[in-house]
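Chains as they are written, first to last, in my numbering: chain B, 1 to 182; chain P, 1001 to 1133.
Even glycine gets a Cβ: it sits at the ideal position worked out from N, Cα and C.
Read through the structure below, which is laid out as structure tokens, and then see the notes.
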Ligand code: SF4
């Protein structure tokens, strides 16, 4: 049997969830025995080169590019996992959802106390930049998500156990210590 | 024909970046640009939160160097609570922060070497060819 293929991406996240994947430490070698990585910042493959079994999404959607990447993942992956609070419910970036997006941009680029050089009061407007969305959206509001792994970031053990369970088909064990957040 | 090469996403860094390389008709590069494609609005949405939340909130700026952001917010809080710019810290507090900072430094370098760079050097065959990276 060929190895299951995994892809990962970071949308409007902080890469903390990816760091938590790496926090499985030496088990990463075992992981490389169990699965094959396709598009992912971990191996720097930038485009899907084959159908993928498990897609792991970090971060919600705060701009048009996030939405495109997420849809591309849904198209190419059999199973999609929302990894971490940002993917599951927008996470910390969703704190801007109660604030007009213009106010956020103004604070960052024009009005904020540390802005000094932007005398012409220019907001980022380059054609290469993706369009900012009015709000930060959780992944399941854009595409169907199959599994959710909570935490900010989810613990490495949870990620490991979930992946092994998915790959082997065994039921996922969720001891209390793994899912309490206080 | 002028040509544009786009490298996206830029990996091996935290943050979401894109590089575009612009070439003229003769294939000479006349401009290379780095685009920071992500905007989250921390500058605005941390305002109005309880002040003691700040160090924990700003950790989420970057999952690779959260401690640096935590310590920067702690310094800002020092000023707010009247502890000045360092002189009001207890010696233990100062040492704690130094230790955290060095710990972050160490962890960050180990991470970069073992997880980010060395696989590229050692397992080149499975990584993207250098021409695309
Ligand atoms: S869930 Fe937490 S650790 Fe993961 S990307 Fe969001 S802020 Fe970072």
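In the same chain as residue 1071(P), and ignoring 5 residues on each side of it, the C-beta atoms closer than 7 Å to its own belong to 1097, 1100 and 1101, in chain order. Residues of the same chain with a CB within less than 6 Å of the CB of residue 130(B), apart from the 5 flanking positions on each side, are 63, 64 and 65 in chain order. When the Cα atoms are used, residue 32(B) and residue 147(B) turn out to be separated by approximately 22 Å. With a threshold of 6 Å, the Cβ atom of residue 1091(P) does not count as near the ligand SF4, since no heavy atom of the ligand is closer than that. The three-state secondary structure of residue 161(B), taken from DSSP, is helix. For residue 1078(P), the enclosing alpha helix (DSSP H) covers residues 1066 to 1080.
The alpha carbon of residue 18(B) has as its nearest neighbour, out of 1006(P), 1103(P) and 1115(P), the alpha carbon of 1115(P). Within the region 65 to 94 of chain B, the complete beta strand (DSSP E) segments at least 3 residues long are 77 to 83, listed from N- to C-terminus. Under the three-state reduction of DSSP output, residue 131(B) falls in the coil class, being neither helix nor strand. Of all residues in the region 1081 to 1105 of chain P, none is placed with a Cβ closer than 8 Å to any Cβ belonging to chain B. In terms of beta-carbon proximity, residue 44(B) lines the interface with chain P, with at least one pair separated by less than 7 Å. If you check the CB distance, residue 69(B) and residue 9(B) come in under 7 Å.
Contact note: residue 96(B) reaches chain P through 1040, 1041, 1044 and 1045, using a C-beta cutoff of 8 Å and chain order. Under a criterion of Cβ atoms nearer than 7 Å, the residues of chain P adjacent to residue 19(B) are, in order, 1063 and 1064.
Taking non-hydrogen atoms of the ligand SF4 into account, the C-beta of residue 13(B) is found less than 6 Å away from one of them. Setting aside the 5 residues that flank it on each side, residue 160(B) is surrounded in the same chain by 24 and 27, each with a C-beta closer than 7 Å to its C-beta; the list follows chain order. Beta-bridge pairing by DSSP links residue 58(B) to 10(B) and 83(B). In this structure, residue 1039(P) keeps its C-beta atom at 7 Å or more from the C-beta atom of residue 96(B). One finds 22 in chain B with Cβ atoms closer than 7 Å to the Cβ of residue 1115(P), taken in chain order. Interface residue (Cβ-Cβ distance to chain P less than 7 Å): residue 61(B) is not classified as such.
When C-beta atoms of the region 82 to 99 of chain B are compared with those of the region 1043 to 1060 of chain P, three or more pairs fall below 8 Å, so the two segments count as touching. When Cβ-Cβ separations below 7 Å define contact, residue 1037(P) makes contact with chain B. Note that the region 105 to 112 of chain B does not touch the region 69 to 82 of chain B; fewer than 3 beta-carbon pairs, one per stretch, sit closer than 8 Å.
At a cut-off of 7 Å, the C-beta of residue 41(B) has a neighbouring C-beta in chain P. Membership of residue 149(B) in the beta strand (DSSP E) is indicated by the continuous run 147 to 149. The Cβ neighbour count for residue 85(B), taken over all protein chains shown within 10 Å, is at least 16; the residue is labelled buried.
When the alpha-carbon of residue 118(B) is set against those of 87(B), 143(B) and 106(B), the nearest one is in 106(B).
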